[in-house]
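Novice: Okay, here's the structure, questions in a sec.
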């Protein structure tokens, strides 16, 4: 999974491009922002696994620009977006009396991705009537269309057993067409209401459980309507039969039930046992809407992110960080316990802390890669956001802070830079070499220092990859005694190493360390090491 919270291109001092802030009056502000993101997003696309997903936070103003850019970077890979309510209310700054209280999270993914969702609760499915089709529960027999929108869905239903009639809700018509209304040439995507009734898929109220009346004249019916003594809508208790309805005469002389029929939903008919994720992320303080068909994500408001950073570091080190709860709820739905999470706009390190906390909760082994610039400028040349805020936050979360227990773990802090080819033998340290080789061969960084004569880079029991920081008699003796069938050795004197092992009849491949370091400075994309 890749999650990013890029600079929002607001014109404020919220992002640095070519070592300077891009202001609101910059003629090329939008072009620079799009190019800035394009270069990074094309790399991100190539890093995604076949089931990988990238999610991007963005404000309402720049959503359309970022979405068009992503359609170019990952054509045909758009999944959708989340709408996240960031605050309870704010002042109208635009003059239009519109309070912008939400942000978006755009979702693009490779074909193998799917959110975890949530397994449905089957406890409500029963079989009190010993139905041969198994357990079932009642469901709504209507849909959210009005009489004017779906006139063919507005008709009365008759219980074939006792002849009782039930009026349709003009604000919410029946979900299925009627055989008495449809055009014979019309092709239906579902069965008719009459078919479902014949198949015992419609549950009618029992006679003892409902009131049934008959109006013998239109005058009686109008009098009942005037008193409100007619069947009512279940939720808002407004009348289902009113004087202005087009079918009013139909109800005269009919046995009319005051209850409501329901649809019989059988467990065996479920298309999926998992509820999908809702695109709405509600606030933690909002009343929960129990949705049978979708999982609702929950997050605290945006201001809680600053509180978290302040609690850990003791000062407001980063403006507008995302809430920890937001990133955790995304991780819960989009990752598995052994996944790798990349955030290349890491900012204050919220994504890293979310990974650590989620691992502690579900005993997962997720790993994270956090990338950040220093955000140094000509006015602040010594600023280092990554070192002083992001890395320090992760360090304190791992070790514990205040009354918070340590979450454990370790990480390597690496700085990326290019060294001129002529300077490699002089400027590249043993630590640089060890990290580069570890990243190349194991796709992971070494956490500890590397000051001895030999550094083990990788070992699978049969093949060991070793960096010889020093080539002398002692280091060669250690290599000769190394317990591995085959050795791969990097050193500054590859020919000397080859000769030593040739004389000892050991299976060794000797590489030039300088060549390996120079290859590490290349910019070829898509190469497999």
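Residue numbers (the numbering used here): 149 to 677. We put the CB at the ideal spot given by N, CA and C, even for glycine.
Per DSSP, which residues does residue 251 bridge with? Please list them.
Specialist: Working through the chain shown from its first residue, we reach residue 251 at position 103. Beta-bridge pairing links residue 251 to 232.
Novice: Can you tell me the Cα-Cα spacing of residue 189 and residue 474, whole angstroms?
Specialist: Here residue 189 refers to the residue found at position 41 when the chain shown is read from its first residue. Here residue 474 refers to the residue found at position 326 when the chain shown is read from its first residue. Their backbone Cα atoms lie some 22 angstroms apart in a straight line.
Novice: Is residue 476 near the ligand MG, going by C-beta to nearest heavy atom under 6 angstroms?
Specialist: As presented, the structure is devoid of all ligands, the ligand MG included, so that no description of it is given.
Novice: Just to confirm my understanding: we take residue 359, look at its own chain, exclude 5 residues before and 5 after, and list those with CB closer than 6 angstroms. What are they?
Specialist: Residue numbering aside, residue 359 sits at position 211 when the chain shown is read from its first letter. These residues qualify, in order along the chain: 406.
Novice: Just how far apart, CA to CA, sit residue 469 and residue 455?
Specialist: Within the chain shown, residue 469 is the residue found at index 321, counting from 1. Within the chain shown, residue 455 is the residue found at index 307, counting from 1. Taking the straight line joining both Cα atoms gives about 9 angstroms.
Novice: With distances taken from CA atoms, which of 643, 307, 563 is nearest residue 354?
Specialist: Here residue 354 is taken as the residue at index 206 of the chain shown, counted from 1. Residue 307 is the option with its Cα nearest to residue 354.
Novice: Return helix, strand or coil for residue 491, following the three-state DSSP convention.
Specialist: Along the chain shown, one-based indexing puts residue 491 at 343. Reduced to three states, the DSSP call for residue 491 is strand.
Novice: Assign residue 408 to buried or exposed, taking buried as 16 or more other Cβ atoms, counted over all protein chains shown, within 10 Å of its Cβ.
Specialist: Taking the chain shown and counting its residues from 1, one reaches residue 408 at position 260. That one is buried.
Novice: Can we say the region 497-515 touches the region 531-542, given the rule of at least three CB pairs closer than 8 angstroms?
Specialist: Judged by Cβ distances under 8 angstroms, the region 497-515 makes contact with the region 531-542, as three or more pairs qualify.
Novice: Using 10 angstroms around the beta-carbon of residue 672, count the other beta-carbons present and answer buried if the total reaches 16, otherwise exposed.
Specialist: On the chain shown, position 524 is the one that residue 672 refers to. Note on residue 672: pLDDT 39, under 50, position unreliable in the model; no value is reported.
Novice: Roughly how many whole angstroms lie between the Cα atoms of residue 664 and residue 586?
Specialist: What you label residue 664 is simply residue 516 of the chain shown in a count that begins at 1. What you label residue 586 is simply residue 438 of the chain shown in a count that begins at 1. About 12 angstroms.
Novice: Taking only three categories from DSSP, how would you classify residue 564?
Specialist: Looking up residue 564 in the chain shown gives position 416. In this structure, residue 564 counts as coil in the three-state DSSP scheme.
Novice: Assuming residue 654 is part of the alpha helix (DSSP H), what are its boundary residues?
Specialist: The residue you call residue 654 lines up with position 506 of the chain shown. Neither: residue 654 is in no alpha helix (DSSP H) and is coded neither H nor E.
Novice: Bridge partners of residue 350, per DSSP?
Specialist: In the chain shown, counting from the first residue as 1, residue 350 sits at position 202. Residue 350 pairs with 411.
Novice: Among the residues of its own chain, which have a CB less than 7 angstroms from the CB of residue 594, if the five just before and after it don't count?
Specialist: On the chain shown, position 446 is the one that residue 594 refers to. If we look at residue 594 and ignore the five residues flanking it on each side, its Cβ neighbours are 560, 582, 583, 586.
Novice: Could you please give the first and the last residue of the uninterrupted beta strand (DSSP E) stretch that includes residue 203?
Specialist: Mapped onto the chain shown, residue 203 falls at position 55. Per DSSP, residue 203 belongs to the beta strand (DSSP E) from 201-206.
Novice: Can you name, in chain order, every residue of its own chain whose Cβ lies under 7 angstroms from the Cβ of residue 310, other than the five neighbours on each side?
Specialist: Looking up residue 310 in the chain shown gives position 162. Excluding residues within five positions, the ones whose Cβ falls inside 7 angstroms are 355.
Novice: When we look at the beta-carbon of residue 412 and count the other beta-carbons within 10 Å, is it buried (16 or more) or exposed?
Specialist: Here residue 412 refers to the residue found at position 264 of the chain shown. Counting Cβ neighbours within 10 Å, residue 412 comes out buried, since at least 16 surround it.
Novice: Could you spell out the range, first to last residue, of the alpha helix (DSSP H) harbouring residue 221?
Specialist: Looking up residue 221 in the chain shown gives position 73. Unbroken alpha helix (DSSP H) run through residue 221: 211-221.
Novice: If I measure Cβ to Cβ from residue 351 and keep anything under 7 angstroms in the same chain, skipping five residues before and after, which residues do I get?
Specialist: Within the chain shown, the letter at position 203 stands for residue 351. Only 286, 409, 410, 412 meet the Cβ criterion.
Novice: May I ask you to verify whether the region 630-640 touches the region 603-612, counting CB pairs closer than 8 angstroms and requiring at least 3?
Specialist: Touching, yes.
Novice: Name the two residues that bound the continuous beta strand (DSSP E) containing residue 338.
Specialist: Here residue 338 refers to the residue found at position 190 when the chain shown is read from its first residue. Note, residue 338: premise wrong, no beta strand (DSSP E); not H, not E.
Novice: Can you name, in chain order, every residue of its own chain whose Cβ lies under 6 angstroms from the Cβ of residue 344, other than the five neighbours on each side?
Specialist: Here residue 344 is taken as the residue at index 196 of the chain shown, counted from 1. Counting only Cβ-Cβ distances below 6 angstroms, and skipping sequence neighbours, we find 350.
Novice: Please name the residue, chosen from 318, 491, 176, that lies closest to residue 394 on a Cα-to-Cα basis.
Specialist: The sequence position of residue 394 within the chain shown is 246, counting from 1. Cα-wise, what sits closest to residue 394 is 318.
Novice: Given a threshold of 16 other Cβ atoms within 10 Å of its Cβ, counted over all protein chains shown, does residue 386 qualify as buried or as exposed?
Specialist: What you label residue 386 is simply residue 238 of the chain shown in a count that begins at 1. Per the 10 Å Cβ criterion, exposed.
Novice: By a C-beta neighbour count over all protein chains shown, 10 Å radius and 16 as the cutoff for buried, is residue 573 buried or exposed?
Specialist: By 1-based counting over the chain shown, the position of residue 573 is 425. Residue 573 should be labelled exposed.
Novice: Over what stretch of residues does the beta strand (DSSP E) that includes residue 425 continue unbroken?
Specialist: Position 277 of the chain shown, counting from 1, holds the residue named residue 425. Its beta strand (DSSP E) spans residues 425-431.
Novice: For the alpha helix (DSSP H) that contains residue 323, what are its first and last residues?
Specialist: What you label residue 323 is simply residue 175 of the chain shown in a count that begins at 1. Segment: none, residue 323 is in no alpha helix (DSSP H) and carries neither H nor E.
Novice: Looking at residue 487 and residue 518, is the spacing between their C-beta atoms short of 7 angstroms?
Specialist: One-based indexing of the chain shown puts residue 518 at position 370. One-based indexing of the chain shown puts residue 487 at position 339. No, the pair does not count as a contact, with Cβ atoms beyond the cut-off.
Novice: Would you mind working out which of 661, 155, 553, 419 sits nearest residue 460, comparing C-alpha positions?
Specialist: The count along the chain shown starts at 1 and reaches residue 460 at position 312. Cα-wise, what sits closest to residue 460 is 553.
Novice: Going by DSSP in three states, residue 156 sits in which element: helix, strand or coil?
Specialist: Within the chain shown, residue 156 is the residue found at index 8, counting from 1. If DSSP states are grouped into helix, strand and coil, residue 156 belongs with coil.
Novice: For residue 260 and residue 329, what's the separation of their Cα atoms in angstroms?
Specialist: The sequence position of residue 260 within the chain shown is 112, counting from 1. The sequence position of residue 329 within the chain shown is 181, counting from 1. Approximately 44 angstroms between the Cα atoms of the pair.
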